[in-house]
Amino acid sequence: MLHTRFCHSLGQGIVMRLLECNAEKDLRLHFNVPRDNVGCSFCLEGAMRTRIKELRLDTTVSSGTSGLWFVPGASLCAAIPAGRTRWLDLEIHYERFREFLAEHACDICPELRLSLERRATDTPFRRCAPMTLQTRLLLEQILACPFKGSLKTVFLECKGLDLLLGEIIRHAFIHRAPGRTGCPNRAKVEKAKSLLLDNIATPLTISALSSQVGMSESSLKRAFHDIHGVSIFTFFQTRRLEQARALLVRGDMNVTEVAFSVGYSNHSHFSRAFKRQYGESPRQCQAKACPVLALPLSMT
Numbered sequence: 637m638l639h640t641r642f643c644h645s646l647g648q649g650i651v652m653r654l655l656e657c658n659a660e661k662d663l664r665l666h667f668n669v670p671r672d673n674v675g676c677s678f679c680l681e682g683a684m685r686t687r688i689k690e691l692r693l694d695t696t697v698s699s700g701t702s703g704l705w706f707v708p709g710a711s712l713c714a715a716i717p718a719g720r721t722r723w724l725d726l727e728i729h730y731e732r733f734r735e736f737l738a739e740h741a742c743d744i745c746p747e748l749r750l751s752l753e754r755r756a757t758d759t760p761f762r763r764c765a766p767m768t769l770q771t772r773l774l775l776e777q778i779l780a781c782p783f784k785g786s787l788k789t790v791f792l793e794c795k796g797l798d799l800l801l802g803e804i805i806r807h808a809f810i811h812r813a814p815g816r817t818g819c820p821n822r823a824k825v826e827k828a829k830s831l832l833l834d835n836i837a838t839p840l841t842i843s844a845l846s847s848q849v850g851m852s853e854s855s856l857k858r859a860f861h862d863i864h865g866v867s868i869f870t871f872f873q874t875r876r877l878e879q880a881r882a883l884l885v886r887g888d889m890n891v892t893e894v895a896f897s898v899g900y901s902n903h904s905h906f907s908r909a910f911k912r913q914y915g916e917s918p919r920q921c922q923a924k925a926c927p928v929l930a931l932p933l934s935m936t
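What follows is the structure, encoded as structure tokens:
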């Protein structure tokens, strides 16, 4: 029922695994977590609920969520509903993880600091949240890796370390993370986001966008990054290429028509941007006609 689709050592004590479960009925798995592993998990499809038996502590994750965990030596029960469930795990050795954070000890949140110091089952650390756009993009690139051999190893190491760094910043540190609810300009930023998405085919400049929402350019860029975790350009670029990919998979338009529909006047510019994001050309994507990652395009 549970299959490891790939397993790659990224060096520095880090291992990346893609796991998949296809169950005809609800499934329960029982296993013990090694004492020396800190990990990040990314739910790509489906959902699951895990329980630390010793503490009767439940956590539910679903498609589009990711998180950081340290539950040394715990006995876990995982409940997986019928259907297909996929997730990617990054596991790093405890000692190596502490070396990474050694120069940032003052920034580590108290719960994680206590868990790392006690290294006991009764002080677990688990945090999860919806994936950022940057996280989703990195996962897409990993699953669509265009290389083989040594280049594949380098590519996966770079993307895997980017994923790890993103989860550490979001979940391990005290300072505010992207998506905080206390931003005073949240309403204006959300209006800017809506304007961007409503004008995919005719992109707005930052100047025009800031004028329409009543903010300075620098304030809008800063607030947008604080809330969404990426720059306005990265957000827009990711979304327009997501829309292009959906159109290519649907097959109603040729590549040139798709490029124009998402605001690209130059076919070659579109092809290069698409390949940077998805690791394949628009024509290759259209030929396969199947999405790589089952995450809702509307999720932010």
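If you use the numbering used here, the sequence shown corresponds to residues 637 to 936, in order.
Just so you know, even glycine gets a beta-carbon here, dropped at the ideal spot from N, CA and C.
The criterion of a C-beta distance shorter than 9 Å is satisfied by Val674 and His729. Excluding residues up to 5 positions away in sequence, Asp694 and Cys713 lie with their Cβ nearer than 6 Å to the Cβ of Arg687 in the same chain. Distance between Gly785 and Glu656, taken at the CA atoms: about 24 Å. DSSP, read as helix, strand or coil, puts Asp888 in coil. The beta carbon of Phe783 lies closer than 6 Å to those of Phe791 in the same chain, with the five residues before and after it left out. Approximately 14 Å separates the beta-carbon atoms of Leu799 and Val866; this is outside 8 Å, ruling out the contact. Out of Arg722, Arg822 and Phe871, the CA that lies nearest to the CA of Arg653 is found in Arg722. Burial check for Gln848: the Cβ neighbour count within 10 Å stays below 16, so the residue is exposed. Runs of the beta strand (DSSP E) lying entirely within the stretch 680-763, each at least 3 residues long, are 683-688, 693-698, 701-706, 711-716 and 719-729 in chain order.
Residues Lys824 of the same chain have their beta carbon placed closer than 7 Å to that of Gly850, with the five preceding and five following residues left out of the count.
Bounds of the alpha helix (DSSP H) holding Arg912 are His903 to Tyr914. Cys764 is positioned such that its CB atom lies no closer than 9 Å to that of Ala808.
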